[in-house]
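In this note's numbering, the protein residues as written are 886 to 1034. Glycine is no exception: its CB is placed at the ideal position from the N, C-alpha and C atoms. Values in this document were obtained by computation on a predicted structure and should not be read as measured data. Here's the structure, in structure tokens; my notes come after.
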């Protein structure tokens, strides 16, 4: 196997799985899953938004967001209208409290992962990951276009 491919895919997969596991453990006290974390966190950072905007920010699929919003609403973490994906979603007071706890837990996790990095190393890491993400997206789009021809 190509060593670069193996190193890249294994590292990315491991990071993703660890982040998901950490979210699950950290949210046990609230009985929430990783997608709920991302919804509450995103709403706390960017403010009220529609489901369509939430999908763009979290990169989750429409059905998963729909299910997550239903549960978050039932548990009193968010309010949103009946206009479907055009309804404005807002955190309730309870949702804001949980979102604040999520932010604190996220900071601890991020500090644990790269607390020794200098600001320059951190900037370079995110810049490199951004470039890789953009290039893979371009590669994927080119493949998808060729597949449809």
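If you check the CB distance, residue 928 and residue 974 come in under 8 Å.
Comparing alpha-carbon positions, the option among 991, 912, 998 and 960 lying closest to residue 976 turns out to be 960. Checking the DSSP bridge columns, you'll see residue 934 partnered with 974. Put simply, the segment 911 to 925 touches the segment 942 to 957. At least three CB pairs are less than 8 Å apart. The three-state reading of DSSP puts residue 964 in strand, counting E and B together.
Considered as a whole, the segment 895 to 961 harbours 919 to 931, 936 to 943 and 947 to 959 as its complete alpha helix (DSSP H) runs of no fewer than 4 residues, in chain order.
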